[in-house]
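> Residue numbers (the working numbering): 273 to 338.
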Amino acid sequence: MNEVLIRNLCNGPRDYPLKNGESIYLASKGHPSSVTKISKENISEALNSAEKKRLISIEELQEAFE
273 MNEVLIRNLC NGPRDYPLKN GESIYLASKG HPSSVTKISK ENISEALNSA
323 EKKRLISIEE LQEAFE
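#1: For the alpha helix (DSSP H) holding K309, just list the boundary residues, first then last.
#2: Under a three-way DSSP split, which group does P285 fall into?
#3: Tell me, please, which residues DSSP counts as bridged to R326.
#4: In angstroms with no decimal places, state the Cα-to-Cα distance between S295 and G302.
#5: Quick test of your reading: S316 and Y297, contact by CB under 8 Å. State the CB separation rounded to the nearest angstrom.
#6: In whole angstroms, give me the CA-to-CA distance for N292 and L281.
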């Protein structure tokens with residue numbers, strides 16, 4: 273499964289909907305819960321829009337193959 277890290281780049285907390293109907297809460301920048309891991313398939317238009325506005329960053333995780 274492809275996963276991504278969502279990182280809040282803002283000083284205030286943020287809440288975003290996911291494609292599957294759930295939502296994620298990101299605490300203020302610098303707080304341990306300001307970063308969360310989700311399935312790449314759950315990236316919503318709201319998350320894409322927030323990344324374009326530089327409110328969050330979306331980082332793809334590399335899969336480890338042995």
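For glycine and all other residues, C-beta sits at the position ideal for the given N, C-alpha and C.
Bear in mind the structure is a predicted one, so any value in this text is a computation, not a measurement.
This is what the structure holds:
#1: Here residue 309 refers to the residue found at position 37 when the sequence shown is read from its first residue. Run containing K309: none in the alpha helix (DSSP H); it sits in the beta strand (DSSP E), 307-311.
#2: For the purposes of this step, residue 285 is identified with residue 13 of the sequence shown, where counting begins at 1. The answer is coil: DSSP assigns P285 none of H, G, I, E or B.
#3: The residue you call residue 326 lines up with position 54 of the sequence shown. In DSSP, R326 forms no bridge with anything.
#4: Position 23 of the sequence shown, counted from the first residue, corresponds to residue 295. Position 30 of the sequence shown, counted from the first residue, corresponds to residue 302. The straight-line gap from Cα to Cα measures roughly 20 Å.
#5: For the purposes of this step, residue 316 is identified with residue 44 of the sequence shown, where counting begins at 1. For the purposes of this step, residue 297 is identified with residue 25 of the sequence shown, where counting begins at 1. So it is not a contact: roughly 14 Å between Cβ atoms.
#6: For the purposes of this step, residue 292 is taken as residue 20 along the sequence shown, with counting starting at 1. For the purposes of this step, residue 281 is taken as residue 9 along the sequence shown, with counting starting at 1. One C-alpha to the other measures close to 23 Å.
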